[in-house]
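In what follows, a structure is listed as structure tokens, so that the remarks can point back to it.
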Amino acid sequence: MKKILIALAVVAAVAAAAIFFASSNEVKREFFAMDTFVSAKVKGFAAKDAAGGISTLVRELDSKQLSRYTSGSEISRINSEAETVLSDEMRDYITELLEVGKMSGGKFDIALGAVSDLWSFNDSPRVPSTDELTEALSRSGSDKLSLSGNTLTRADGCIIDLGSAGKGIALDKVKSYLSDKKISSAVVSVGGSVLLYGKGSFNVGVRDPWGEAGRSVMTVKLGAGCVSTSGSYERCFEQGGKRYHHILDPDTGLPVENGLVSVTVISDSGLLSDALSTACFVLGAEGGAKLAAKYGCEAIFITEDKKVICTDGIKPNVTVLVDGYTVVE
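Numbers in the numbering used here are just positions in the sequence shown, counted from 1, shifted up by 22.
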């Protein structure tokens, strides 16, 4: 029997971080965009207008630039043409994400769309055949791309998918927008990526991978920045007695099996926090910690046997809330 284990999180953060943000004068807006729930809590001058503006900004970013499934979006145009002149923003996104791919030793790859398209994690889950994966892998990978200035050349059949960084990109756009609006503080979650904006500290709850959606396994005390979590519990299913999830190894096209169930990355950059949470998951705790350090980021890894592995800079700020979890010293 096929058992679907798709984990649905609360509106504040799908499958990732629950945020505790106390303010008696905040304006809150919740909506659905980028195939996930978005929550914006804003405080400051023109907070109501800013909250509405965030909704417009995130939706337009998705429909005009990042969505592969929206006809006319920039990424759709890229995937339909052998050579494309990119907008300056898209050039910068792709340049930085290609660099993450290199720094990760190829364990993060934006040109894996042909492989991810073979999998289905919805109501009709599907495991692709070995032959299908082999064929899709043959036309996938960042080595099938060439970027010169704003001109991107793409090999036939190679599909770019920015889903592993899109929500973080949205946070960076929102952060710039809030600065222009003179907002004093805000917490904005786009799926598993969260922007903490303003002075002071924030208590961030990281979801319990084995608990009900919305239950936090720990809190992390943080200042302003971005937090992204990737978890194997987010989009997954069981078939033939085996569990499959959506975080794929670029070398095999198969779900990663390295003992991790969740990785959280803290960074000043939304794009980096999002991309690195995936890259660090694929690399595993040891390799992921090294990659995070190269970017000056902090990371928290949760293993299948409920061990919590933290990089040194964030460990003092972590408080475990659920019995059975152990912070590795």
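Glycine included, C-beta positions come from ideal geometry on N, C-alpha and C.
Bear in mind that the values here come from a model prediction, so they are computed numbers and not experimental data.
On the DSSP bridge assignment, give the partners of residue i in chain order.
i	result
H267	C258
E320	I288
T241	G227, T341
V210	A62, L217
L282	T325
For the ligand ATP, any of its heavy atoms closer than 7 Å to the Cβ of residue i?
i	result
A301	Looking at this structure, you won't find the ligand ATP or any other ligand, since it has none at all.
Under the rule that 16 or more other beta-carbon atoms within 10 Å means buried, what is residue i, buried or exposed?
i	result
V350	exposed
E121	exposed
K316	exposed
N339	buried
V283	buried
S46	Interpretation of S46 is limited by its pLDDT of 44, a score under 50 that renders its predicted location unreliable; the figure taken from the coordinates is listed afterwards. By the 10 Å Cβ count, S46 comes out exposed.
S170	exposed
E82	exposed
L30	With a pLDDT of 30 at L30, under the threshold of 50, the predicted position of this residue should be treated as unreliable, though the coordinate-derived value follows. L30 is exposed by the Cβ-count criterion.
K63	buried
G185	buried
K65	buried
G94	exposed
S89	buried
S109	exposed
T156	exposed
T58	buried
T286	buried
G310	buried
S102	exposed
D84	buried
S151	exposed
I331	buried
S126	buried
S299	buried
S207	buried
S211	buried
Of the choices the options, whose alpha-carbon is the least far from that of residue i?
i	options	result
K195	A158, G262, E111	E111
G275	V216, S168, V228, V304	V304
T175	V278, E52, A104, G318	A104
L343	Y199, V287, P231	P231
G128	G306, D273, D345	D273
T92	S61, M56, V60	M56
K243	K337, S109, G346, K65	K337
S98	G262, M125, I181, F67	I181
G227	G310, G281, A235	A235
N280	A301, S85, T241, E260	A301
S291	A68, E154, E96, Y115	Y115
V333	R237, S206, A307, G220	The question names Val, but residue 333 in the sequence shown is Thr. Residue A307 is the option with its Cα nearest to T333.
I324	E154, S85, M240	M240
A68	L119, D145, I205	I205
K329	N225, T341, L313, Y347	Y347
D345	T152, V210, S238	S238
D183	T341, L79, K312, L119	L119
N144	K312, I331, Q261	Q261
R229	T341, E48, V80	T341
E326	E154, A314, K312, G233	G233
Please list, in chain order, all residues of the same chain as residue i whose beta carbon is under 6 Å from its beta carbon, the five residues on each side excluded.
i	result
F54	none
T173	V107
G179	R161
G123	F130, D131, S164
A177	K166
S168	T175
I322	T286, C332
CB-CB under 8 Å to residue i, same chain, minus the five flanking residues each way: which ones, in chain order?
i	result
S142	R148
S77	R51, F53, A55, V60, A62
L87	According to the sequence shown, residue 87 is Gln rather than Leu. If we look at Q87 and ignore the five residues flanking it on each side, its Cβ neighbours are S95, E96, I97, S109, E111, M112.
S146	none
Which same chain residues end up closer than 7 Å to residue i when comparing Cβ atoms and leaving out the 5 residues on each side of it in sequence?
i	result
R113	N172
A158	A136, V137, L140, G275
I288	L244, G247, V249, S295, C319, E320, I336
Y266	V149, C258, F259, P277
D271	V278, V304
Within 8 Å (strictly less), CB to CB, does residue i reach chain D?
i	result
D153	Any reference to chain D falls outside this structure, which holds one protein chain only.
Tell me whether the segment 179–190 and the segment 292–308 touch, counting them as touching only if at least three CB pairs, one residue from each stretch, are closer than 8 Å.
yes
Would you call the segment 123–134 and the segment 156–176 in contact, with 3 or more CB pairs under 8 Å?
yes
Tell me, please, whether the segment 195–213 touches the segment 64–75 by the rule of three or more beta-carbon pairs shorter than 8 Å.
yes
Stretch pair the segment 209–223 + the segment 244–260: three plus CB contacts closer than 8 Å:
yes
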